[in-house]
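Engineer: Starting off with a structure, shown below.
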Amino acid sequence: GSEGGQAPAAAVPAVMLVLVGPPGSGKSTFCTLLMAQSPLQWCHVNQDTIKQGGQGTREHCVRAATEALRGGVCCAVDRCHVNAEQRQAFLQVGRDLGAEVHAVVLRLPYNLCVQRVMRRTDHPTLKPVPQSKGVVGRMYKEMEAAGMPSPSEGFTSVMTCSSEAEVEAALRAWALYGRPRPPAPATGTATAASTATVAGTATAAGTATAAGTATAA
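For the sequence shown, this note's numbering assigns the number -17 to the initial residue and increments by one for each residue that follows.
So, in structure tokens, the structure goes:
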């Protein structure tokens, strides 16, 4: 018989997805679309809105992510995470709970990020004012100087997206997590291959496993 308190029906473990990118890179949009397209329940941990709809702290986000994983729910952590120190607390949660932690890096062009920030009017913290360009610039430079996330930090997989098409491919890959694998091995292999293309690194195999496409091997 089934045990009480389990995650939604798909027989996959709850994982944490850490979004990495400056303001305007599309982190919140990615999380919203993932929740809409995934067969699983996802907890969207958004630092900008976590405290009664207002901005919270990293500690608020760590607590929310911990609670979600303990409850068997996947969580997507929506913060800039521009350096390893900012990411470490979330990797520690994964280690403590025995959960995989994956990264999706939205490394889109600086001008596109600025354009988006200056176009949006409903963002809770970063308004479309001239000073916001400076905020995007500082975050962008810090991320580039600190280096991209890597498995050596403790991530099970890292998917780096440098274009909107690659972001869409990463979203498709993660929306597959928890879906039943197709019976024909050839189909699963093709899906894993497309996921590997997005990852563009040696961690592609880990990403494919996360997407639930290569685990049959």
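All C-beta atoms in this analysis are idealised placements derived from N, C-alpha and C, irrespective of residue type, glycine included.
1. Are P131 and V87 close, meaning C-beta to C-beta below 9 Å?
2. Please report how far the alpha carbon of Q70 lies from the alpha carbon of G129, in whole angstroms.
3. Quick check on DSSP: helix, strand or coil for A85?
4. For the candidate residues A85, L15, R77, whose alpha-carbon lies nearest to that of N65?
5. To the nearest angstrom, report how far apart R40 and H26 are at their CA atoms.
6. Whose C-alpha, out of L90, L51, T31, G38, is nearest the C-alpha of V(-6)?
7. From which residue to which residue does the beta strand (DSSP E) around S139 run?
8. Alpha carbons only, please: which of H63, A81, V44 is nearest the one belonging to G54?
9. Taking R98 as the reference, which of H63, E146, N28 has the closest Cα?
10. C56 and A(-4) - do their beta-carbons sit closer together than 9 Å?
11. If the criterion is Cβ atoms closer than 9 Å, does the pair H63 and L(-1) meet it?
12. Alpha carbon to alpha carbon, what distance is there between G38 and P91?
13. When DSSP labels each residue in this structure, what does A58 get in the three-state scheme?
14. Whole angstroms is fine: what's the gap from D78's alpha carbon to D60's?
15. Rounded to whole angstroms, what is the Cα-Cα separation between E124 and E67?
16. Please classify Q19 as buried or exposed, where buried requires at least 16 neighbouring CB atoms within 10 angstroms.
17. Is the distance from the Cβ of S7 to the Cβ of R120 below 9 Å?
Structural biologist: In short:
1. yes
2. 14 Å
3. strand
4. A85
5. 14 Å
6. L51
7. 139 to 143
8. A81
9. E146
10. Contact: yes.
11. no
12. 27 Å
13. Strand.
14. 20 Å
15. 12 Å
16. Q19 comes out exposed.
17. no
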